[in-house]
Amino acid sequence: MESFPGLNYRIPVPKNRWNREQRLFLCCLHEFFKRDQVVFKDIFNHVFRSEVRECGLIDGISWNAMDAQWREMVRYSYTEWREVHQDSFDGIRRWRPILSQIKHTVRHLGLQIIPKYSPEEVHATDEEEQEPDSEIVSPTQNNTSLCNGGGKVCFWCAQEQTTSEENPEPTNSSRTKSNDEVPRFLYRWSNIDSQGVNSKRLFLAGLFADGREQFSPEDISQEQFSEYFLRHAHIEKTPSPFISTFISMLSPVHRALWNKEGAIISIIDTKKLDTALYSAKDNFRKHNLRIRGYDGRGEYLVWGRIPSAAIICAVKISTIQQLADEHTEIGKLLQLEKIASHKFNRRKLHEDLARGAGNLDRASGFAIGKLLFSIDLPFEFSTDVSEGLFHSWRLKRTGSWESFHEGVDAGY
DNA sequence: CGTCGCACAGTATAGATACA
DNA sequence: TGTATCTATACTGTGCGACG
């Protein structure tokens, strides 16, 4: 019996007792600094070493446990999480004590940490800062500096209370369109059950469809925007101000095949849009929103409406199926049965498609050209759209673009 | 050069466990 | 019994060398 005390008397695994202060601290780390396992863990364990040790965690809390707590907060929208993340710039002064605590700990431990919102010029103009900020590495390459862009409050300025009060509208600026390149073409799937107005000539978001008053994203608060966005991403059932579109035509075709009834696929020219366009992925990232199992990649949300000028082509899925049946080369190219056999438009489907895909040659180009011609896509767009199809349908790269485009032209 | 297989790191999620 | 915390595990992306 006593020979295996470790087995007979299991020592309970020590756990941290998370309190509000610790949670806020962890939230500030995530909100204001680039995620770094080792650094976050060391800072936290140093600041809360006595509390953590009291819980039996002699070597401090593990990164995994700490990260689990972070995820819990995000997942269940803990009040601490909401406080720190939902009005980060308005409330930035509130977190000054925590931020300077982080700063001092970083310095004390000789670590390096990268602020999320830190333009270089702050250091240059920062007179009162005596000690060199050597441990604060400015993000050089992917400089997503928010300080100069869009009149946004600079992180360190706000922290050091050097920011003037007359900042125009800090809450709205982070919601503006991303600077990242917007794709030239977007693809939409819709059917008779889709909300809003979905004709071949015009799309109207569900919220604005019944002659209800229109409003622009600037008219509503940050929270309301996030709320609409989350509801839209969750369930399409509630009226939404957004219209979903995708960067790849595969995704709407896949959806259309699974929801056949009157499904329409439309190709949209983003240059002709007259309302705001948001990347779903950026929205998640910028507002620290999460939804289980979905990160928004590939999806773009159009605000309110898509005017007929922007709809360069609209085609019923049944037409596409018919084309695939009638023309073997189109059928072979599209592999509709494969698409229909996969429940999810994920890696599995892509691999499957790649196995049966053609090459970068005249034959593939011809099939695509013929398809695009048949669905009345204006010739001027054929180059871009055909290249999109090439990538989406996972064609092999053996061959040349020249022969491919030649084939596309021939198909018209 | 492009593709494949592998290893590795980081991340998301289910659910086990201890505790109130 | 329900909640808080965290582990175990599955998933995803990425880099790298081998290979044709």
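Just so it is clear: in the first sequence, position 305 is 305 by full-length UniProt numbering, and no numbers are missing. Glycine included, every Cβ here is placed at the ideal spot set by N, Cα and C.
Quick one: what does DSSP say residue i is sitting in, helix, strand or coil?
i: Val315; result: strand
i: Gly358; result: coil
i: Val197; result: strand
i: Leu204; result: strand
i: Trp393; result: coil
i: Asn8; result: Any reading at Asn8 is ruled out, since the residue's pLDDT is 36, under 50, leaving its predicted position unreliable.
i: Phe215; result: coil
i: Lys15; result: coil
i: Phe32; result: helix
i: Ile61; result: coil
i: Gly56; result: coil
i: Ile375; result: coil
i: His342; result: coil
i: Phe44; result: helix
i: His327; result: coil
i: Gln335; result: coil
Per DSSP, residue i is paired with what?
i: Ile243; result: Val302
i: Val39; result: Looking at the DSSP assignment, Val39 forms no beta bridge with any residue, so it has no partner.
i: Tyr278; result: Leu301
i: Ser190; result: Ile264
i: Gly399; result: Leu360
i: Asp269; result: Phe185
Going by CA-CA distance only, name the one from the options that's closest to residue i.
i: Thr275; options: Trp258, Arg305 and Arg255; result: Arg305
i: Ile58; options: Val84, Met73 and Val13; result: Val13
i: Trp95; options: His46, Val39 and Cys28; result: Cys28
i: Phe242; options: Arg188, Ser100 and Leu333; result: Arg188
i: Leu207; options: Pro217, Lys200, Gly196 and Ser216; result: Gly196
i: Tyr228; options: Ile268, Phe381, Phe185 and Ala280; result: Ala280
i: Ile339; options: Ser77, Ile317 and Val385; result: Ile317
i: Ser251; options: Ile267, Ser240 and Pro239; result: Ile267
i: Val47; options: Ile98, Tyr78 and Glu80; result: Ile98
i: Val84; options: Lys34, Leu24, Ile43 and Trp18; result: Leu24
i: Thr105; options: Pro307, Phe225 and Asn45; result: Asn45
i: Lys271; options: Ala309, Trp258 and Ala263; result: Ala309
CA-CA distance, residue i and residue j?
i: Pro378; j: Ile265; result: 15 Å
i: Glu54; j: Gln22; result: 14 Å
i: Ala410; j: Asp361; result: 12 Å
i: Lys103; j: Trp63; result: 20 Å
i: Val74; j: Glu31; result: 12 Å
i: Ser190; j: His254; result: 12 Å
i: Gln69; j: Arg49; result: 17 Å
i: Asp36; j: Tyr412; result: 53 Å
i: Val100; j: His232; result: It should be noted that the sequence gives Ser, not Val, for residue 100. Those two C-alpha atoms are separated by around 38 Å.
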